[in-house]
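Have a look at the structure below before the remarks.
Residue numbers (our numbering): 2 to 216.
In structure tokens:
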């Protein structure tokens with residue numbers, strides 16, 4: 002039944018429910034939600050008792066199934082985790098992000114803002130900057146400045162309008178950030194100087210998920 006639910010085979014799900022005793026697991030509803038199989042999701046909710054997990058709402062953003070998300074919020078009690086909004090940003094579903102922000106309390110993590118910067122989504126950046134307080138990892142913005150010196154999507158200018166005015170200011174910004182981070186990590190302490198020469202510093206080291214894939 003789990004597999005039938007994930008593939009959208011409602012007739013098979015009904016048959017197994019009515020004629021077999023093996024039942025299913027929470028994977029049935031979770032995977033139905035993930036793949037947007039709304040009729041199956043509602044059928045399992047009505048006729049089965051296994052329920053689902055927070056995985057159901059977490060995976061909805063990947064496919065952009067807002068109607069499924071809305072239904073889970075209204076009719077199920079499992080809720081979600083911060084991963085739901087994090088993933089919604091990664092997959093660029095602003096409608097889902099707004100809904101989670103307005104109707105859920107789980108919030109998100111810095112991973113969300115990091116994704117908005119990495120995917121060059123100015124709308125996402127603006128929403129998170131105005132409505133959320135989690136912020137982003139400095140190293141991610143540093144890497145964005147390094148990779149996109151022209152700031153074609155105006156994200157850098159939006160976040161730091163005074164510091165990132167032109168190419169010269171960008172270079173000064175990166176140098177300043179590098180020194181600040183080195184101080185925080187104690188790289189200028191006498192006992193660390195020898196190590197510093199052997200261990201070249203990369204501003205992205207503190208946040209190595211620039212090319213992160215959300216599975």
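The beta carbon of each residue, even a glycine, is placed where N, CA and C say it ideally should be.
Given the structure is predicted, the values throughout are model-derived calculations rather than measurements.
Rounded C-alpha distance that separates residue 76 from residue 93:
25 Å
May I have the straight-line CA-CA distance separating residue 109 from residue 84, to the nearest angstrom?
7 Å
Endpoints, alpha helix (DSSP H) assigned at residue 162
Per DSSP, residue 162 belongs to no alpha helix (DSSP H) and is neither H nor E.
Since residue 29 and residue 69 should fall inside the 8 Å C-beta cutoff, what is the C-beta to C-beta distance between them, to a whole number of angstroms?
14 Å between Cβ atoms; not a contact.
How about residue 27 and residue 52: are their beta carbons less than 8 Å apart?
yes
Looking at the secondary structure, which residues open and close the alpha helix (DSSP H) in which residue 170 lies?
168-185
Round the Cβ separation of residue 86 and residue 101 to the nearest angstrom and send it over; I've been treating them as touching at under 8 Å.
5 Å
Report the three-state DSSP secondary structure of residue 96 (helix, strand or coil).
helix
Excluding the 5 residues flanking residue 104 on each side, which residues of the same chain have their C-beta closer than 8 Å to its C-beta?
74
In whole angstroms, give me the CA-to-CA distance for residue 207 and residue 11.
For residue 207, the predicted model reports a pLDDT of 45, less than 50, meaning its position is unreliable; a value from the coordinates is still stated below. In a straight line, the C-alpha of residue 207 is about 47 Å away from that of residue 11.
Drop a sphere of 10 angstroms on the beta-carbon of residue 144, count the other beta-carbons inside from all chains shown, and report buried for 16 or more, exposed for fewer.
buried
So what's residue 122 in DSSP terms, helix, strand or just coil?
coil
Count the other CB atoms, across all protein chains shown, that sit within 10 Å of the CB of residue 62; report buried if there are 16 or more and exposed otherwise.
buried
Name the residue from 6, 140, 146 whose alpha carbon lies nearest to the alpha carbon of residue 169.
146
Residue range of the unbroken alpha helix (DSSP H) whose run includes residue 66:
First-last for residue 66: undefined, no H or E at that position.
Among 14, 183, 48, 160, whose alpha-carbon lies nearest the alpha-carbon of residue 137?
160
CB contact flag (residue 59, residue 78, <8 Å)
no
My output table needs one value for residue 138: the three-state DSSP class, helix, strand or coil.
coil
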